[in-house]
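S.K.: Counting from -11, one number per residue, gives the positions in the sequence shown under our numbering.
For every residue, glycine included, the Cβ atom is placed at its ideal position computed from N, Cα and C.
Take a look at the following structure, please.
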Amino acid sequence: MIEIPSDLHKDLVPLAFLLGNWAGAGVHDFPGSQKCNFGQEVSFTHDGRDFLEYRSRTWVLDQDGNKVRPLETESGFWRIRPDRTVEVTMTRDDGVIEIWYGAMADKKPQIDLVTDAVARTADARPYSGGKRLYGYVKSDLMWVGEKQTPEVPLRPYMSAQLKKVVTPEDVERWAKALPDDLPDDGIAFFK
């Protein structure tokens, strides 16, 4: 279920499917790095202005699903224009800053992004651009990232499936929204 907060800036309504805290796992595989499974926590928040704030943390998982070490951390801001063009500014912990542009898909919660500009610090690994696809599929947030370097052509390197994290505040808000006339035994509700 996609909720649209009453205080969400009107321009951000098409991005409402991203809002909230998400957690899940995925696969990382790129030449020069060790292939691994990873865990991820993502948050998309808003404060009433015309952007979403984005934060993502990933970590390497061992064969039993335990955290081994941090993998990547990134943060940024997402905006959308009236023509459904999405723009993202992103900073990564490895010394890379990116500007992404893309578009919302027609009639579905999906965003395709491509890097427009990349800046790197002197210590950052070689990186020249990427693509990402985000989609809301059966209540999950799914994404796949592609990247390229001067030595490696554009190719997939990370993908994940994330579930919405339910907070006690969510449960309280949903409970207050229940109708007063629910049957006492619970069974009659399904008849």
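1) For Gly20, which option in Glu160, Glu157, Tyr145 and Val153 has the closest C-alpha, if you only look at C-alpha atoms?
2) Once the 5 residues before and after Val33 are set aside, which same chain residues still bring their CB inside 6 Å of it?
3) Restricting to runs no shorter than 3 residues, where is the beta strand (DSSP E) found entirely within the stretch 71 to 152?
4) So, for Leu101: in the same chain, excluding its five sequence neighbours on each side, which residues have a beta-carbon less than 8 Å away from its beta-carbon?
5) So the beta strand (DSSP E) Gln28 belongs to, where does it begin and stop?
6) Could you tell me the alpha carbon to alpha carbon distance between Gly53 and Leu150, rounded to whole angstroms?
7) What three-state label does DSSP hand Phe65 in the structure shown?
8) In the DSSP output, what is Pro58 paired with across the bridge?
9) Where does Leu40 sit, in a helix, a strand or coil, going by DSSP?
10) Should Ala93 go down as buried or exposed, given a rule of 16 or more other Cβ atoms within 10 Å for buried?
M.R.: Quick answer:
1) Here the question's residue 20 lines up with position 32 in the sequence shown. Ranking the options by Cα distance to Gly20, first place goes to Tyr145.
2) The residue labelled residue 33 in the question sits at position 45 within the sequence shown. A small fix is needed here, since residue 33 is Thr in this sequence, not Val. Correct list, in chain order: Glu41.
3) 73 to 80, 84 to 92, 98 to 108, 117 to 125, 128 to 136 and 143 to 152
4) To locate residue 101, count along the sequence shown from 1; it is residue 113. Closer than 8 Å at Cβ, skipping near neighbours: Val74, Val76, Trp88, Tyr89, Gly90, Lys119, Arg120, Leu121 and Tyr122.
5) Here residue 28 corresponds to residue number 40 of the sequence shown, with the count starting at 1. Element bounds for Gln28: Cys24 to Thr33.
6) The count along the sequence shown starts at 1 and reaches residue 53 at position 65. The count along the sequence shown starts at 1 and reaches residue 150 at position 162. One C-alpha to the other measures close to 15 Å.
7) For the purposes of this step, residue 65 is identified with residue 77 of the sequence shown, where counting begins at 1. The answer is strand: DSSP assigns Phe65 an E or B state.
8) One-based indexing of the sequence shown puts residue 58 at position 70. Note: Pro58 sits in a beta bridge opposite Trp47.
9) Taking the first residue of the sequence shown as position 1, residue 40 is located at position 52. If DSSP states are grouped into helix, strand and coil, Leu40 belongs with the strands.
10) The residue labelled residue 93 in the question sits at position 105 within the sequence shown. Counting Cβ neighbours within 10 Å, Ala93 comes out exposed, since fewer than 16 surround it.
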